[in-house]
Amino acid sequence: MTTSADHGTDPTRHPELLAWLHGRRQAFDQWAQQTGADRLDFSPDSLDELEDLLRETFQSDEELRAQRLDPFVQGAVWYLGEVICRAKGMVWKFERDVDAADTAAMPPLFGTEAPPGVLDTPCVSFPEDGPERGLYPLNVLCRTLIAKDELGEPVDEHLVDALADDYLDDDFDEGEDDGEE
1 MTTSADHGTD PTRHPELLAW LHGRRQAFDQ WAQQTGADRL DFSPDSLDEL EDLLRETFQS
61 DEELRAQRLD PFVQGAVWYL GEVICRAKGM VWKFERDVDA ADTAAMPPLF GTEAPPGVLD
121 TPCVSFPEDG PERGLYPLNV LCRTLIAKDE LGEPVDEHLV DALADDYLDD DFDEGEDDGE
181 E
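Numbering-wise (full-length UniProt numbering), the sequence shown opens with residue 1 and increments by one.
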């Protein structure tokens, strides 16, 4: 696997990321007004209001992923990421998992031709960490809408949980093989 870092691109300065962040900042006031939310002030407490909006708008994580290009979802992804960055000292990053021979064919950030996965979305992480240790706000939004896990056990996740000190560790540990030392 090669990444944009392998090609000399700083994942915090990726041109598509910078353009997306600029666009989201410019659209924030209008987005916030259109949501009807009273208090989107970038505080951790405001995530409860965003979560309420999310649950009113979408019935499932699949529905949310299918509409990831919708202005409401784009605004929610950016807003959640901004709250996390401000509260935790993280930064935005965009680094695709790319094949060096096929970098020109990669879809753009949030591209319509890309499958609705994480590789076409930005993440937030600590400056020293790579994207594999990042939080993908789109995934955090989706996880909030999951009612049961793979075993049918109830899931009770909230957006504010992403601010917990161990949230990244819990998420990272889930992907590790228990048999490895």
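Where is the CB? At the ideal position from N, CA and C, for every residue including glycine.
Quick caveat: nothing in here was measured; it's all calculated off a predicted structure.
Which listed residue (the options) has its alpha carbon closest to that of residue i
i: R25; options: A164, V140, D129 and V83; result: V83
i: A32; options: F72, G130 and E16; result: F72
i: S125; options: D165, A147 and D149; result: D165
i: L141; options: E95, G89 and F58; result: F58
i: F28; options: Q74, G152 and N139; result: Q74
i: G36; options: A19, L54, W20 and L21; result: L54
i: D52; options: T144, G152, G23 and Q30; result: T144
i: L18; options: E95, E132 and G89; result: E95
Alpha-carbon to alpha-carbon, residue j and residue i
i: E63; j: T12; result: 29 Å
i: L21; j: E150; result: 34 Å
i: G130; j: L138; result: 18 Å
i: R39; j: E16; result: 29 Å
i: Y167; j: G81; result: 14 Å
i: D10; j: E132; result: 15 Å
i: H14; j: Y79; result: 19 Å
i: Q30; j: K148; result: 34 Å
Sequence-distant residues of its chain with Cβ nearer than 6 Å to residue i (five each side left out)
i: E56; result: none
i: L163; result: P44 and A87
i: I146; result: D61 and V155
Where residue i sits in the DSSP three-state scheme
i: L73; result: Note that residue 73 corresponds to Val in the displayed sequence, not to Leu. Note: V73 maps to helix in three-state DSSP.
i: P127; result: coil
i: V91; result: strand
i: P137; result: helix
i: P154; result: strand
Sequence-distant residues of the same chain with beta carbon closer than 7 Å to residue i, five excluded per side
i: P127; result: V91
i: A76; result: L50, L54 and L141
i: G134; result: K93, C123, V124 and S125
i: F42; result: E82, V83 and R86
Sequence-distant residues of its chain with Cβ nearer than 8 Å to residue i (five each side left out)
i: C85; result: V91, W92 and V124
| said: I'd like to know if the segment 150-159 and the segment 42-60 are in contact, where contact means that at least 3 CB-CB pairs between them fall below 8 Å. | reply: Judged by Cβ distances under 8 Å, the segment 150-159 makes contact with the segment 42-60, as three or more pairs qualify.
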